[in-house]
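Note that my numbering has the sequence shown beginning at 3, numbered continuously upward. Every residue, glycine too, gets a C-beta built ideally from N, C-alpha and C. Being a predicted model, the structure only gives us computed values, none of them experimental. Below you'll find the structure, written out as structure tokens, and then a few comments.
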Amino acid sequence: MTRRNRGMRGLGYLLLAVITAVSAFPFYTLLTIGLNPADFSVLKGDLFAPSLYFGNFAEAWRVSHLGQAMFNSTVITAGSMLLLLFVSASAAYVIVRFPNRLHRFIFSLFMLGMMVPPIVNTVPLYTLMQRISGVNTRWAMILLLAASCMPLTTFLYVGFIKAIPRQFEEAAIIDGCSWFSAFWRIIFPQLKPITATAVIMNAVSIWNNYGQAIFFLQKRQVHTIPIAISIFFQTYGARWNLMAAATILGMIPALVIFLLFQKSFIKGLSAGGIKG
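Here's what the structure looks like:
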């Protein structure tokens, strides 16, 4: 390796280290504030000397009702993802394997849905939710969030399924499987990378959803993490240590989801784009 190449590699590592430090600093600051007592002060150097005071997390959990909010967010996110993956994968398979005018029209509607900002649908959605008695219910929020994420997820699945040879499920059908069974037993396991991509993109988005949840989940019993933290901020806005602790607690599940599926995330996203 020439001196010039070594210098370029060293410069790349240095640039990567700077970017990493800049990206990590806000999270470090948040964690440091959450681990300091109420008399935290940057002027006293507390930012670089956390006191490891974990009482803030227990108090933030108690006063912000994060336990109930965590349960609501978990139910809504899990329910939305199960429904979303089942419907999107099934729809994409039918669109790819059984092309006709109706299916192409349905796919066009999915693509059109990707162009409509969610805020535009707020008023008609609220009217619909009232008519079906879905306001302040978890099941209606599951349907709403799954439907809002369905266009992009279906698009990703379509691009990936197109590259899978049709002979896979045809061989299974010859052996006695139905098309439905062949898809879920033969094809869907091969969609693991794009499924991981869909899980990270949508689960984190659904977990952090605030714009729609604030309209349709108004009672405290059905508040999700973003709403509970928002109300907590309004009540304890001057207590930065509690605010930081509550924010960290709300971030942990989304971080866990990302860590579990990160290996397949980039692979699935790039493969879906290339194969589409």
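CA-to-CA distance, residue 121 to residue 252, given in whole angstroms = 24 Å
Assumed close pair residue 78, residue 143 - CB separation to whole angstroms, cut-off 8 Å = 5 Å
Which stretch, first to last residue, makes up the alpha helix (DSSP H) that contains residue 141?
-> 140-163
Put residue 106 into one of helix, strand or coil per three-state DSSP.
-> helix
Tell me whether residue 79 sits in a helix, a strand or coil according to DSSP, three-state version.
-> helix
Cβ-based burial, residue 215 [other Cβ within 10 Å; buried from 16] = buried
List in chain order: all unbroken beta strand (DSSP E) runs of 3+ residues lying wholly within the region 167-253.
-> none
Under a Cβ-count criterion, where at least 16 other Cβ atoms within 10 Å of its own Cβ denotes burial, should residue 241 be classed as buried or exposed?
-> buried
CB of residue 102 within 9 Å of CB of residue 246, strictly | no
Who are the near neighbours of residue 85 in its chain, counting only those whose CB is closer than 7 Å to its CB and skipping five residues on each side?
-> 144, 148
So what's residue 118 in DSSP terms, helix, strand or just coil?
-> coil
CB residue 170 to CB residue 184, shorter than 9 Å?
-> yes
Quick one: Cα of residue 70 to Cα of residue 223, how far?
-> 7 Å
Cα separation between residue 279 and residue 204?
-> In the structure displayed, the chain extends from 3 to 278; residue 279 sits before or after that span and is not available.
In whole angstroms, what separates the C-alpha of residue 164 from that of residue 98?
-> 6 Å
CA-to-CA distance, residue 152 to residue 188, given in whole angstroms | 23 Å
If you drop the 5 nearest sequence neighbours on each side, which residues of the same chain put their C-beta closer than 7 Å to that of residue 94?
-> 156, 159, 160, 163
Is the beta carbon of residue 7 less than 9 Å from the beta carbon of residue 226?
-> no
CB contact check: residue 37 to chain B, cutoff 9 Å | The displayed structure is made up of one protein chain only, and chain B is not part of it.
Buried versus exposed, by CB contacts within 10 Å (16 or more), residue 125 | exposed
Whole-angstrom Cβ separation of residue 55 and residue 37, contact assumed at under 8 Å?
-> 6 Å
Spatial neighbours of residue 220 within its chain, please: CB distance less than 8 Å, with the 5 preceding and 5 following residues excluded, ordered by chain position.
-> 137, 138
Considering only residues of the same chain and omitting the five flanking positions on each side of residue 244, which have a CB-CB separation below 7 Å?
-> 58, 61, 62, 238
How many Å lie between residue 113 and residue 105 at the Cα?
-> 12 Å
Mark residue 34 as exposed unless 16 or more other C-beta atoms lie within 10 angstroms of its C-beta, in which case mark it buried.
-> buried
Round the Cβ separation of residue 201 and residue 116 to the nearest angstrom and send it over; I've been treating them as touching at under 8 Å.
-> 19 Å between Cβ atoms; not a contact.
Please classify residue 276: is it buried, with 16 or more other beta-carbons within 10 angstroms of its beta-carbon, or exposed?
-> Per-residue confidence for residue 276 stands at a pLDDT of 44, beneath the threshold of 50, marking its modelled position as unreliable; the derived number appears in the next sentence. Exposed.
Best match in 135, 40, 217, 80 for proximity to residue 206 [C-alpha to C-alpha] = 80
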